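This report refers to the structure that appears directly beneath it.
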Amino acid sequence: MPATAQLPDPSDAETVTEALGRGNCGEVHGDTGSRAAYSADASNYRQIPLAVVFPRERQHVLNTLAVCRRLGVPITSRGAGTSTSGQAVGSGVVIDFSRYFNRLLALDPADRTATVQPGIVLDDLQRAAARHGLLFGADPSTHSRCTLGGMIGNNACGSHSVAWGRTAENVVELEVVTYRGTVLRLGEMTRAEIDEAVAAGGERGALIASLHRLAESNLATLRTELGRFPRQVSGYALEQLLPERRFNLARALVGSEGTLAVILSATVRLVAPPPARALVVLGYRDACAAADAVPGLLEHRLLALEGLDQALTDIVTRPETRQAIDTLPRARAWLFAELGGTEDGLPAHAAALTSAAGRSAGFTSSEVVTDPARARQLWRIREDGAGLATRLPGGAEAWPGWEDAAVPPEQLGSYLRRFTDLLQQHRLQGAVYGHFGEGCLHVRINFDLATEHGTAVFRSFVTDAAKLVAAHGGSLSGEHGDGQARSELLPLMYKPAVIALFEQFKAAWDPDNGLNPGMIVDPLPLDGNLRVSPHRTPLPLTTVFPFLADDGDFAKATRRCVGVGRCRTATPGGGGVMCPSYRVTGNEKDSTRGRARLLYEMTQGEVITDGWRSTEVRDALDLCLSCKGCSSDCPVGVDMATYKSEFLHHHYRRRLRPASHYSMGWLPLLSRAAARVPRLVNAVTASRLAPAVKRLGGIAAEREVPRFADRTFLSWFRTRSARGDGHRGPVVLWVDSFNNHFTPEVLKAGVEVLEQAGYTVQVPDGTQCCGLTWITTGQLGVARRIARRTVTALAPLTRAGIPVVGLEPSCTAALRTDLPELLDGNAAARTLAQSTRTLSELLVHHTPGWQPPRIEAQAISQTHCHQHATSGFGADSTLLAAMGVSNSVLDSGCCGLAGNFGFERGHYDVSVAAGEEVLLPAVRAAAADTVVLADGFSCRTQIAQQTERSGTHLAQLMARALPTRS
Numbered sequence: 001m002p003a004t005a006q007l008p009d010p011s012d013a014e015t016v017t018e019a020l021g022r023g024n025c026g027e028v029h030g031d032t033g034s035r036a037a038y039s040a041d042a043s044n045y046r047q048i049p050l051a052v053v054f055p056r057e058r059q060h061v062l063n064t065l066a067v068c069r070r071l072g073v074p075i076t077s078r079g080a081g082t083s084t085s086g087q088a089v090g091s092g093v094v095i096d097f098s099r100y101f102n103r104l105l106a107l108d109p110a111d112r113t114a115t116v117q118p119g120i121v122l123d124d125l126q127r128a129a130a131r132h133g134l135l136f137g138a139d140p141s142t143h144s145r146c147t148l149g150g151m152i153g154n155n156a157c158g159s160h161s162v163a164w165g166r167t168a169e170n171v172v173e174l175e176v177v178t179y180r181g182t183v184l185r186l187g188e189m190t191r192a193e194i195d196e197a198v199a200a201g202g203e204r205g206a207l208i209a210s211l212h213r214l215a216e217s218n219l220a221t222l223r224t225e226l227g228r229f230p231r232q233v234s235g236y237a238l239e240q241l242l243p244e245r246r247f248n249l250a251r252a253l254v255g256s257e258g259t260l261a262v263i264l265s266a267t268v269r270l271v272a273p274p275p276a277r278a279l280v281v282l283g284y285r286d287a288c289a290a291a292d293a294v295p296g297l298l299e300h301r302l303l304a305l306e307g308l309d310q311a312l313t314d315i316v317t318r319p320e321t322r323q324a325i326d327t328l329p330r331a332r333a334w335l336f337a338e339l340g341g342t343e344d345g346l347p348a349h350a351a352a353l354t355s356a357a358g359r360s361a362g363f364t365s366s367e368v369v370t371d372p373a374r375a376r377q378l379w380r381i382r383e384d385g386a387g388l389a390t391r392l393p394g395g396a397e398a399w400p401g402w403e404d405a406a407v408p409p410e411q412l413g414s415y416l417r418r419f420t421d422l423l424q425q426h427r428l429q430g431a432v433y434g435h436f437g438e439g440c441l442h443v444r445i446n447f448d449l450a451t452e453h454g455t456a457v458f459r460s461f462v463t464d465a466a467k468l469v470a471a472h473g474g475s476l477s478g479e480h481g482d483g484q485a486r487s488e489l490l491p492l493m494y495k496p497a498v499i500a501l502f503e504q505f506k507a508a509w510d511p512d513n514g515l516n517p518g519m520i521v522d523p524l525p526l527d528g529n530l531r532v533s534p535h536r537t538p539l540p541l542t543t544v545f546p547f548l549a550d551d552g553d554f555a556k557a558t559r560r561c562v563g564v565g566r567c568r569t570a571t572p573g574g575g576g577v578m579c580p581s582y583r584v585t586g587n588e589k590d591s592t593r594g595r596a597r598l599l600y601e602m603t604q605g606e607v608i609t610d611g612w613r614s615t616e617v618r619d620a621l622d623l624c625l626s627c628k629g630c631s632s633d634c635p636v637g638v639d640m641a642t643y644k645s646e647f648l649h650h651h652y653r654r655r656l657r658p659a660s661h662y663s664m665g666w667l668p669l670l671s672r673a674a675a676r677v678p679r680l681v682n683a684v685t686a687s688r689l690a691p692a693v694k695r696l697g698g699i700a701a702e703r704e705v706p707r708f709a710d711r712t713f714l715s716w717f718r719t720r721s722a723r724g725d726g727h728r729g730p731v732v733l734w735v736d737s738f739n740n741h742f743t744p745e746v747l748k749a750g751v752e753v754l755e756q757a758g759y760t761v762q763v764p765d766g767t768q769c770c771g772l773t774w775i776t777t778g779q780l781g782v783a784r785r786i787a788r789r790t791v792t793a794l795a796p797l798t799r800a801g802i803p804v805v806g807l808e809p810s811c812t813a814a815l816r817t818d819l820p821e822l823l824d825g826n827a828a829a830r831t832l833a834q835s836t837r838t839l840s841e842l843l844v845h846h847t848p849g850w851q852p853p854r855i856e857a858q859a860i861s862q863t864h865c866h867q868h869a870t871s872g873f874g875a876d877s878t879l880l881a882a883m884g885v886s887n888s889v890l891d892s893g894c895c896g897l898a899g900n901f902g903f904e905r906g907h908y909d910v911s912v913a914a915g916e917e918v919l920l921p922a923v924r925a926a927a928a929d930t931v932v933l934a935d936g937f938s939c940r941t942q943i944a945q946q947t948e949r950s951g952t953h954l955a956q957l958m959a960r961a962l963p964t965r966s
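The sequence shown begins at 1 in the numbering used here and counts up one residue at a time.
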């Protein structure tokens, strides 16, 4: 097959970028940072593109093809980049459809169809369809960020394909363009329509004639070798060319992984879901027993039948998810069976299913879940599987490699047993989960891709696994496509005659081999282009943070990101925070994944060559809010806030820093000076000198500088007399710099509540600080000195078992997580972390018999990002309920201010836009008598500066309701 340019010269990047820029191709990025960000997807593979194109309209796509065709450069189409097989990375030009080319073009409720551009996110289509009581049937676990174009490319399936089919079964028509620029509208064709098209001639007629001849000459092969069971996704779907399937070229293109044509639009089928659903959780002694039970359970008209192994659930550390797992029926493997029907009919349906399961060998117990909230919690475990499985319980890295093979469901138990044996033979481990109802298993395996021996084991294992799948009549891919991971193995699954047909099919569509070369036919080697390779030596980078969970290896820490892309969720929801900057900009480099990619490339020293001094990495981290949302929301625990602090420390070491690093990084010390003359400082920051002060301090001109209190909390506290009997003993109130200097009334309220609860309130000697502002600005040397001083000052108290209560969530989180990491090995820091409580935690979990004041009130609450990441809002919810407060927790993510971020010059627009997603509109819409709860100083400041309302700390709400003391 003639090749266009499978391995372009990287030095051509500038030439290609310039040509695309002149060619009216939309937004074109050829800078090092963008190329690094698009070097990988969710697979094991890495290819550095020459340029990335973001088309805004149809003509931009056509123009991009014309430029690349003229230059002989291949094209890779990309949606969300969540592919696990390597087909969303390429060495030529990558077209990212997700950023702009993502509109819903039409939705016809009567016809139950929708027409979309390829970059539309599945959840966006689902929301539009839901308004008419409809949905799109295929629903992969990446539904919050995957695009329809990507789903069509891979023939994505998801949990509900048992009921509603794969993407292929839900595609009605495609409009595509070939590498040579021919635009075609594809769908079913009758013999008369085929003849008419051939007679019309032209490139369209020649292509249809060629494909029709291919089908007519190989009818027996197409009928016997292809389409044998639903999840036979590997290779090309040539069975769709059969006359009994109405020569459906649209469906034949589904699953072609961008190797045949570029999608311009798609018309898809929508379905009406049942009025009610129930989730039946079935426990089994092991995954093999669960697999054996599948054929019998499928007789019960299921919407979904998913499998989970305990090896996967053991990996979970996120508190809320862990709590959900701990309430599952006692078992070592589970099947999640979803039923649909009427509310009246579901109980009997569930009882029949449970009864059938009870008769299967290895069944242990069951639970019928009708509460939608609990069902969502349990489904989240399954949805996070791809991320969770990338680290085994012992901390070892695990990789896709053998991600989604499928066998006929009746073969699943046998296949799984043999597969388990195969893992043991190769001394490998992996957590199994997946679509048991259709015989499709997902697994991440602890391949050692960093060594020659480990890479050889990888090749040997996947080769043996391919033979095992073929022996069970299965498919190497059940929904993620072949890509670079499996294309080389297709001859183990298909006869030479079928492989030859695939090559003919590709040649008919793309004779120049300009579209995603190396996938499906003429394959790239499965152990080539590996993201982790024994042939690359990472830069020797020394870090301040210990990165203990990654063996002290910063490169290993950055490759925690395996590309599942949860950080690319475009709208807040699901109780998560990650990633506020991406939701505002829609730019890959502003996602947690994009930043992790650049940091990883920095450690490799190939594309990004200047290590810690990299301006590309600095620019990618610029809009990171250090909200810590990713540390809890990312399934693999990428902690970009810590990575950013580490990078900034080295990047600016012995160099002049941005002004904001001095004005806000050193705010605790500057505040002490301001506290001596607060009125003078407030007068200056509110005067005509304010713009100059802001410029000098690197502060956004649009921001109001918060006013210093006339008197600090500490000066007030040290001149007062304690109240209450203190029968519960002492408690240390952590005096954070923000509340101490700006809102001392919050700390005063905390004292009132603690004393009323029976505690004697103490404060640390001197003026202590958690060092957070130095940490977030990457001044880790100073932060470490301050942390040591703080830990030493509090050590006598924490050793005595006295709890430390924080009212500012960011500082409480720093005491719990940042200080013990920064002072690695310091026992006093660990003791302080273990002693630190939020106010709600102390009162709910450690103050037996105490009754909170009753407050009959309506409230909305904003959870601080750092609290979300470290302790959650559970104790607060319990306390508010006990108080009688009817509270609604906003599913808002980050407020957008995020400490110093929202005050820094250049960040104002992103900061406000993040707040405007949910928080600020909800505050404005709240009734006048609704309390707006916000414990974080940043959250309250954002609310005060962007609305007519003010935020209230929980301590203040309680203090107002306490009995008046005489």
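Don't be surprised by glycine CBs; every beta carbon is placed ideally from N, CA and C. Bear in mind the structure is a predicted one, so any value in this text is a computation, not a measurement.
{"Check": "What are the uninterrupted segments assigned as alpha helix (DSSP H) that are 4 or more residues long and contained completely in the region 364–431, given in chain order?", "Outcome": "372–383, 385–388, 412–425"}
{"Check": "So what's Ile-75 in DSSP terms, helix, strand or just coil?", "Outcome": "strand"}
{"Check": "Does DSSP classify Asp-344 as helix, strand or coil?", "Outcome": "coil"}
{"Check": "Below 8 Å on the Cβ atoms is my guess for Arg-223 versus Leu-242; work out the distance and round it to an integer in Å.", "Outcome": "7 Å"}
{"Check": "Report yes or no: do the region 819–836 and the region 788–799 share at least 3 C-beta pairs separated by less than 8 Å?", "Outcome": "yes"}
{"Check": "Run through DSSP, which three-state label would Pro-635 get?", "Outcome": "coil"}
{"Check": "Compute every distance between the C-beta of Gly-187 and the non-hydrogen atoms of the ligand ADP, then say whether any falls below 6 Å.", "Outcome": "With respect to the ligand ADP, the structure shown offers nothing to examine, as it has no ligands at all."}
{"Check": "Within the region 462–507, note down every full alpha helix (DSSP H) run reaching 4 residues or more, in order along the chain.", "Outcome": "483–486, 490–493"}
{"Check": "Are the C-beta of Gln-425 and some C-beta of chain D separated by less than 7 Å?", "Outcome": "In the displayed structure, chain D is absent; only one protein chain is listed."}
{"Check": "By how many angstroms is the C-alpha of Arg-707 removed from the C-alpha of Gly-150?", "Outcome": "51 Å"}
{"Check": "Between the region 839–858 and the region 883–891, can you find at least three pairs of beta-carbon atoms closer than 8 Å?", "Outcome": "yes"}
{"Check": "Mind checking whether Arg-332 and Asp-292 have CB atoms under 7 Å apart?", "Outcome": "no"}
{"Check": "For Val-16 and Leu-71, I'd like the C-alpha separation in whole angstroms.", "Outcome": "8 Å"}
{"Check": "For Ser-840, which of helix, strand or coil comes out of DSSP?", "Outcome": "helix"}
{"Check": "Measuring straight from C-alpha to C-alpha, what distance separates Gly-586 and Ala-570?", "Outcome": "8 Å"}
{"Check": "Using CA coordinates, which residue listed in Gly-158, Thr-84, His-650, Met-519 is at the minimum distance from Gly-307?", "Outcome": "Gly-158"}
{"Check": "Beta strand (DSSP E) containing Arg-245: first to last residue?", "Outcome": "Where Arg-245 is concerned, there is no enclosing beta strand (DSSP E), given that its DSSP letter is neither H nor E."}
{"Check": "When the Cβ atoms of the region 469–486 are set against those of the region 86–95, are three or more pairs found closer than 8 Å?", "Outcome": "yes"}
{"Check": "Determine whether the beta carbon atoms of Gly-437 and Val-28 lie at a separation below 7 Å.", "Outcome": "no"}
{"Check": "For Met-578, which residues from the same chain have a beta carbon less than 7 Å from its beta carbon, with the 5 sequence-adjacent residues on both sides left out?", "Outcome": "Arg-566, Cys-567, Thr-592, Gly-629, Cys-630, Asp-633, Cys-634"}
{"Check": "My guess is that His-661 and Gln-779 are in contact by the Cβ rule of under 8 Å, so how many angstroms apart are they, rounded?", "Outcome": "7 Å"}
{"Check": "With DSSP as the reference, label Asn-170 as helix, strand or coil.", "Outcome": "helix"}
{"Check": "In the DSSP assignment, find the unbroken alpha helix (DSSP H) run with Ala-114 in it and report its ends.", "Outcome": "Note, Ala-114: premise wrong, no alpha helix (DSSP H); beta strand (DSSP E) at 113–116."}
{"Check": "Which first and last residues belong to the beta strand (DSSP E) in which Ala-934 is found?", "Outcome": "931–934"}
{"Check": "Roughly how many whole angstroms lie between the Cα atoms of Leu-878 and Tyr-759?", "Outcome": "Per the sequence shown, the amino acid found at residue 878 is Thr instead of Leu. Their Cα atoms are separated by approximately 20 Å."}
{"Check": "From the DSSP output, in three-state form, read off Thr-267 for me.", "Outcome": "strand"}
{"Check": "Could you tell me the boundaries of the alpha helix (DSSP H) in which Ser-210 lies?", "Outcome": "202–216"}
{"Check": "Is it buried or exposed for Leu-207, if we count other Cβ within 10 angstroms and need 16 for buried?", "Outcome": "buried"}
{"Check": "Compute the Euclidean distance between the alpha carbons of Tyr-433 and Glu-479, then round it to the nearest angstrom.", "Outcome": "14 Å"}
{"Check": "Cutting at 8 Å between CB atoms, please list the residues of its own chain near Asn-24, excluding the five before and the five after it.", "Outcome": "Gln-59, His-60, Asn-63"}
{"Check": "Please work out which residues of its chain come closer than 6 Å, Cβ to Cβ, to Val-94, disregarding the five sequence neighbours upstream and downstream, and give them in chain order.", "Outcome": "Tyr-38, Pro-49, Val-52, Thr-76, Arg-78"}
{"Check": "If you compare alpha carbons, which of Gly-528, Arg-417, Glu-410 is closest to Gly-473?", "Outcome": "Glu-410"}
{"Check": "So is Leu-696 buried or exposed if we call it buried at 16+ other beta carbons inside 10 Å?", "Outcome": "exposed"}
{"Check": "Let me know the secondary structure DSSP gives Asn-887 once reduced to three states.", "Outcome": "strand"}
{"Check": "Might you give, ordered along the chain, the residues of its own chain that have their beta carbon closer than 6 Å to the beta carbon of Ala-596, omitting 5 neighbours on each side?", "Outcome": "Thr-558, Cys-561, Val-638"}
{"Check": "In or out: Ala-5 buried (at least 16 other Cβ within 10 Å) or exposed?", "Outcome": "For Ala-5, the predicted model reports a pLDDT of 46, less than 50, meaning its position is unreliable; a value from the coordinates is still stated below. It counts as buried."}
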